[in-house]
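In the numbering used here, the protein residues as written are -4 to 139. Ideal Cβ placement from N, Cα and C applies to all residues, glycine included. Here the structure is a predicted model, which means the values were calculated and not measured. The structure appears right after this line, and notes come after that.
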Amino acid sequence: MADLSNFTDGSVDFIYTSHVLEHFPRDRTHAILCEWFRTLAPGGRLCVSVPDFDRIVEIYAASQSDVGAILPPLFGGQDYPFNFHYTAFTEISLSRLLLGSGFSKVHRWEPGSDRFHSLPDWSGRSLQVGDRRIPISLNLEALK
């Protein structure tokens, strides 16, 4: 996902990633977003889902400061070599990165809202904390 050199400039209409971007070193995030922007056609859409740091903090507080409740969404499952997270995102931080990479019209999307947002992946996951289910994902769409 970081190297899309097999795709020519402006040749892709839609890119969807779910819980991928946080697996790259933070200092590569801008370059990766620029690569995705390069491959998108004018008007193309990027839908990205990442762990939502604001929600992770909310889960931590709601769980009476139980660190174990937030370890997987914050640091990854760590059950194989590449399943760990290098970075965290909030809506503000990821929106700024997207805008700084050339994207426009950044907004949230909800899992299940249409055929492009209805995949059985992490974008719609939530954690049970007491009697509450708290979503763990930040889902943003941006246009080229």
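Can you say whether S6 is buried or exposed, counting buried as having 16 or more other CB atoms within 10 angstroms of its CB? By the Cβ neighbour-count rule, S6 is exposed, with fewer than 16 other Cβ atoms within 10 Å of its own.
Distance, S132 Cα to S108 Cα: Cα to Cα, S108 sits roughly 15 Å from S132.
If you draw a straight line from the C-alpha of N78 to the C-alpha of R23, how long is it? Each residue's alpha carbon lies about 17 Å from the other.
Write down the C-beta distance between L122 and I54 rounded to the nearest angstrom, noting that I regard them as a contact closer than 8 Å. Contact between L122 and I54 holds: their C-beta atoms lie close to 6 Å from each other, under 8 Å.
I think P46 touches P76, with their Cβ atoms under 8 Å apart; what is that distance to the nearest whole Å? Not confirmed; about 19 Å, so no contact.
Can you tell me the Cα-Cα spacing of N134 and E105, whole angstroms? Answer to the nearest angstrom: the Cα atoms are 7 Å apart.
Quick one: is R40 buried, meaning 16 or more other Cβ sit within 10 Å of its Cβ, or exposed? The residue in question, R40, is buried, as its Cβ has 16 or more Cβ neighbours within 10 Å.
What do you get for K100, buried or exposed, if any count of 16 or more other CB atoms within 10 angstroms of its CB means buried? When all chains shown are included, K100 counts as exposed.
Would you mind sorting I87 into buried or exposed? The rule is 16 or more other CB atoms within 10 Å of its CB. With fewer than 16 other Cβ atoms within 10 Å, it is exposed.
Buried/exposed call for F111, threshold 16 Cβ in 10 Å: F111 comes out exposed.
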